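Engineer:
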Amino acid sequence: MLSQISEITYRAGLLRNLDMTRKIFTNTRERWRQQSVNSAFAKLRKLIPTHPPDKKLSKNETLRLAMRYINFLVKVLGEQSLQQTGVAAQGNILGLFPQGPHLPDVDERTLLNDCGVSSPGPSHEAP
Numbered sequence: 130m131l132s133q134i135s136e137i138t139y140r141a142g143l144l145r146n147l148d149m150t151r152k153i154f155t156n157t158r159e160r161w162r163q164q165s166v167n168s169a170f171a172k173l174r175k176l177i178p179t180h181p182p183d184k185k186l187s188k189n190e191t192l193r194l195a196m197r198y199i200n201f202l203v204k205v206l207g208e209q210s211l212q213q214t215g216v217a218a219q220g221n222i223l224g225l226f227p228q229g230p231h232l233p234d235v236d237e238r239t240l241l242n243d244c245g246v247s248s249p250g251p252s253h254e255a256p
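Residue 256 is where the sequence shown ends in my numbering, and the numbering goes up by one at each step.
#1: Starting from the C-beta of Ala-195, find all residues in its chain whose C-beta is less than 7 angstroms away, skip the five residues before and the five after it, and write them out in chain order.
#2: Say whether the stretch 134-150 touches the stretch 160-167, bearing in mind that this needs 3 or more beta-carbon pairs closer than 8 angstroms, one atom from each stretch.
#3: Helix, strand or coil for Leu-223 per DSSP?
#4: By how many angstroms is the C-alpha of Asp-183 removed from the C-alpha of Thr-155?
#5: Do the CB positions of Thr-191 and Phe-170 come within less than 8 angstroms of each other?
#6: If you follow the alpha helix (DSSP H) that Ile-199 is in, where does it begin and where does it stop?
#7: Given this structure, state the Cα-to-Cα distance separating Gly-229 from Ser-165, to the nearest angstrom.
#8: CA-CA distance, Ile-153 and Asn-167?
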């Protein structure tokens with residue numbers, strides 16, 4: 130009887146150790162994933178012009194402003210294409226950024242109004 134109790138106790142201990150190992154592995158994997166996401170957002174924040182330049186945007190603001198900034202740059206490229214060739218661009222690049230409700234048409238003034246974003250300065254202009 131005593132050996133059966135010690136066997137049950139031993140197995141319960143193994144299960145607890147296995148559960149603890151799984152929990153540690155899951156937590157480690159989630160921590161790595163979160164660090165990876167945060168790193169990607171930090172890189173994206175560096176590409177979006179803001180005023181003041183060191184303003185930290187939330188993830189939501191970063192994604193929204195990135196979409197608007199991409200749309201703004203697409204519009205600038207379309208206008209350059211129109212000036213150079215006399216043919217209107219289709220409003221997208223390789224079909225990746227179509228105009229639509231999720232990417233509203235914006236101009237430089239609109240970017241100024243969102244979360245302190247400044248218009249692209251000389252360093253952001255195309256040659």
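Glycine included, C-beta positions come from ideal geometry on N, C-alpha and C.
Please read all numbers here as calculations on a predicted model, not as lab measurements.
Structural biologist: The answer reads as follows:
#1: Leu-173, Ile-177
#2: no
#3: Note that Leu-223 has pLDDT 47, beneath the 50 cutoff, so the model's placement of it is unreliable and the number below is only indicative. Correct three-state label for Leu-223: coil.
#4: 34 angstroms
#5: yes
#6: 188-214
#7: Bear in mind that a pLDDT of 44 at Gly-229, under 50, signals an unreliable position, so the number given afterwards is only what the model happens to contain. The straight-line gap from Cα to Cα measures roughly 30 angstroms.
#8: 21 angstroms
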